[in-house]
Amino acid sequence: MTLNAVVQNAVMLLALCWLLAFTTRSWNRSGQLSAQLLAGLWFGSACIIGMLITSVGHTGIILDARTVVLSMAGLFGGPLVATIAGTLAGAYRLWLGGPGVVPGLANVVLPIALGLAYGCAYRKRLLGIGFWQLLAFGLLLHLAALALIALMLPSDLGTAAVREAALPALLALPIATATLGVLLKDLLERDKTEQALRFSEARLRAITQAMPDLLMVLDEDGRYLEILCAERSLLYDDPSKLLGRRLHDVMPEEEERRFLDFIQLTLNSDVPQLIEYCLPTQGGLKVFEGRALPLEQPEGQKRAVVWLSRDITERVNTELERRIAAIAFESQQGMLITDAQNRILRVNRAFTRISGYSPAEAIGQTTALLASGKHGPEFYRAMWSSIETTGVWEGEIWNRRKSGEIFPEWLTVSAVRNALGEVTHYVAAFTDITDRKAAEERIHNLAFYDPLTGLPNRRLLLDRLHQAMAASRRGNQLGALMFIDLDNFKNINDLHGHQTGDQVLRIAAERLHAEVRASDTVARLGGDEFVVMLENLGDDPLRAAGQAEHIGMKLLNSLDRPYRLADLALYSSASIGVVLFGAEASSSDELMKRADMSMYEAKISGKNALRFFDPRMQLAVQERLRLEEEIRLGLKNGEFILNFQPQLEQTEGIIGAEALVRWQHPLRGLLTPAAFIAQAEHAGLIHTLDQQVLAQACAQLARWAETPKFAHLSLSVNLSAHLLYQDNFVEGVLELLERSGADPARLKLELTETLLLDNMPEAIARMTRLKQHGIRFAIDDFGTGYSSMSYLQQLPLDQLKIDQTFIRRLPDDSSSLTIVRAICALATGLGLEVIAEGVESEPQRAMLLANGCHRYQGYLFGRPLSADAFEELVRSTEADDGVTA
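Our numbering applies: residue 284 is where the sequence shown begins, and numbers increase by one.
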């Protein structure tokens, strides 16, 4: 065997073994056992190939590079690889035969054993694996192989074989051993390094995927080089769309500038840099905390930073909520925090201010410290049930202050739970609503109670009436509604003032309340009107009416007693209307109307009386409503006209007339005021009627002024209280006179004494203003009222009109004659004219003339006439020298 052949054999086997190792490395990635099996087959096959292509020496010994391959199989492959390779090589050598079979098999076992021993020493860190160590191992191996050959062959043959194989074995094969060992070590270490890198990369990727943070690599220009993020919601856009793009492509300019400055700061620093920023993301607006470090880059590439961003939105919000909570804890609301056992842990200043307990007194105590005792166990069970099921309770509760005073508060209790859902604390916030409750009570009283008497008002009465009517229908029980109006109460107000009147009303309310049962209702509607509602009067109408009448008479007697106020003893009775209610379907409004009608019936009957509702009253009401509508329509259509009753002077004849309104009804003909005045007043139409009468009177005066025969005539017009006390009364009269062109001196306004008593100072003021424009005034029905002599002196009067009740009894009634004489004397003394109305006979006229009355009005001289008829009467009496019948 030549050195050249051994070298060629060794080189070929080295190449095969290197390919073997490279392939085995690939197999090693998928499984350790399969890789070892494959490596053993490859190493064994390489040995066989080496033995196939080598030449046999003169001694019959096959000397090849199998010792190199098998020793490396033992060193790097381990027992399994070496065993497989040795088995294949030994089997093949045995099959070849020859005198060198036994040494050949020994040279299979020897390198495997030495390779395994070397590997064991290496793993125990007793030996290293380097070129020189491997070269020494190769020399030792092949010296041992040569020694084994010499020992195992006959001496002559062994010596010859050693001499033949020594040069290649000790020169080429140790170098081949060192070379193959270095190659295999390099390949295996590189594989380990790559595998470690793969494991490291996989571990880093797994860690990154598990992290809730965003990892980015950006260069100094703000270009995205790498993006690792498990939560896509933290990104502005998809990572694939961001890679390679710069910051200014994906975010506002202001934020881009801030980020670039931060990158430069990081690149110029050796320590991590922190930044907090807010950006819109796919998951909404989020707050991040960024941490960046410079990143080493290959030479020639731009500098870069690795940037780790953590979503701190929840933390920031929690901090904000905590700050808000801290501020709220020091708000005007009382607040306390307890543990799960309701022991107080913390209170705020408002708690101390409201409850009176200092923090030292409250902390450590349970919330029972504040219990008022006003709520029963059921209340607290319901409250805690709500807290357990919903986590919160809110409502009104009464608690106790340190002073012992109980007070209402609006309380909100919230449960605080840990991550396991267990309640750890309770937070309570409360507001003292004492003032609000008092205000609500005041508002309630104002809304439902009369402020003067403290009785229920109309609103509350109607509400209770609805309930009482429903209960009566359900229980088949009768009730009664009493409408009460105090008699002559207006006189008390007028003569003694409203303050005295209010005292009378309070006493009346107390008396009414004292005479009824606790279950009955006494209410004040307003003014001097009261209502009493009686319930549960039984199911027999007669007995129910009897009970109502009995109570009603008690009320009448009680209200008829004197009202003693300081040094005054005032008297006032009452009129009561009663209506029963029960199963019938009447409305509350209808019941009130019926009781009202009954009360008016009692008042008409003479006052201080009680009347039950009669169905015939309903017909009268319907008739009044129909009449009201006809009056309204008549005013609109101009159906109300004036008639004129002559007024005469003893020597001058007809000097004027009194304007008397008549209704030219389209169906009923000409109607006198008795048929419509009362209803016009009740319906609130009297003001419109007065205005029309006054306007027609002014227009008539203007027409008479155009005719010399009538220019001297004056016209008297009655004024109602509705018109006199209107805000714009004076201006309205003057405007009518100006618009019509009538002479104010020819207009005489007649007022009643009772009208003047309503507000005498205001009446005097208004009369004086009109008097300044020439308008004259007369007191109508004089002698029937309560005029004071001092007022007569203050009033700007021109005439007194003697009421016809005194004239009617003349000349036979001495009392009437005395009154007439007194009125005439009074008028003379005050410098006033006097006129008598209702003169119907010549003896009456003669008696009046004898007592100084020279002006007359009555049927003796003419009935109320139309304008044309009156003017004809004036013409016919023009030539007479005096008054004729």
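Ideal Cβ positions, reconstructed from N, Cα and C, are used throughout, including at glycine.
The alpha helix (DSSP H) spanning residue i covers which residue range?
i, result
"K886", "S871 to I887"
"M355", "R349 to M355"
"E677", "It is not in any alpha helix (DSSP H) - E677 instead sits in the beta strand (DSSP E) that spans V675 to R683."
"Q1140", "Per DSSP, Q1140 belongs to no alpha helix (DSSP H); it is in the beta strand (DSSP E), R1138 to Q1140."
"N840", "P824 to L842"
"L735", "Careful: L735 lies outside any alpha helix (DSSP H) and carries neither H nor E."
"T1051", "M1043 to K1054"
"G1112", "S1097 to L1113"
What does a CB cutoff of less than 8 angstroms around residue i pick up in its chain, not counting 5 residues either side in sequence?
i, result
"Y405", "L358, G411 and I412"
"E1161", "G936 and K992"
"L1132", "Q933"
"P734", "N728"
"G369", "G327, L353, A356, V391, V392 and I395"
"L842", "I767, L769, A791, R794, L795, S855, S856 and A857"
"I1118", "Q930, A1061, Q1082, L1083, K1084, I1085, C1136, R1138, Y1139 and Q1140"
Using DSSP with H/G/I as helix, E/B as strand and the rest coil, what is residue i?
i, result
"T714", "strand"
"Y709", "strand"
"T476", "helix"
"M765", "strand"
"N926", "strand"
"V533", "coil"
"S697", "strand"
"P691", "strand"
"F359", "helix"
"A994", "coil"
"L628", "strand"
"K468", "helix"
Check the DSSP bridge columns for residue i and list the partner residues they point to.
i, result
"G936", "E932"
"I558", "G573"
"I1085", "F1065 and A1119"
"V588", "L501 and P577"
"M618", "A712"
"F864", "G762"
"L1019", "According to DSSP, L1019 bridges with nothing at all."
"H970", "Note: H970 sits in no beta bridge, so no partner."
"L853", "Y846"
"T804", "M816"
"Y507", "L501"
"D553", "D553 pairs with nothing; no bridge assigned."
Suppose you measure from the CA of residue i to the CA of residue j; what does that come to, to the nearest Å?
i, j, result
"D469", "T476", "10 angstroms"
"L371", "L434", "25 angstroms"
"D1096", "F813", "44 angstroms"
"V861", "L764", "6 angstroms"
"R446", "W378", "26 angstroms"
"G1015", "R894", "43 angstroms"
"F1065", "R986", "31 angstroms"
"W310", "S317", "Here the model assigns W310 a pLDDT of 45, short of 50, so the residue's position is not dependable and the matter cannot be decided."
"E911", "Q962", "6 angstroms"
"A980", "L1143", "24 angstroms"
"A654", "R683", "6 angstroms"
"Q1127", "R1029", "28 angstroms"
"V351", "S592", "57 angstroms"
"A753", "G821", "15 angstroms"
"L239", "D850", "Absent from the model: residue 239. The displayed extent of the chain is 284 to 1168, so no value can be given."
"F713", "I637", "9 angstroms"
"R486", "Q478", "12 angstroms"
If I measure Cβ to Cβ from residue i and keep anything under 7 angstroms in the same chain, skipping five residues before and after, which residues do I get?
i, result
"P824", "L761 and L863"
"L1032", "V1000, L1002, I1058 and F1060"
"N776", "G784"
"D1164", "Here D1164 scores only 49 on pLDDT, less than 50, and its place in the model is too uncertain to base an answer on."
Quick one: residues in its chain with C-beta nearer than 6 angstroms to the C-beta of residue i, no 5 flanking neighbours on either side, listed in chain order?
i, result
"G360", "A322"
"V1166", "Confidence at V1166 is low in this model, with a pLDDT of 49, below 50, so its placement is unreliable and the value that follows should be read with caution. Contacts found: L931 and Q933."
"G865", "S755 and L761"
"G674", "A698"
With a threshold of 7 angstroms, establish whether the CB of residue i neighbours any heavy atom of the ligand PLP.
i, result
"L996", "As presented, the structure is devoid of all ligands, the ligand PLP included, so that no description of it is given."
Would you kindly report the start and end of the unbroken beta strand (DSSP E) that includes residue i?
i, result
"V1000", "S997 to N1001"
"T783", "No beta strand (DSSP E) contains T783, which is instead part of the alpha helix (DSSP H) from H781 to E798."
"G952", "G952 to L954"
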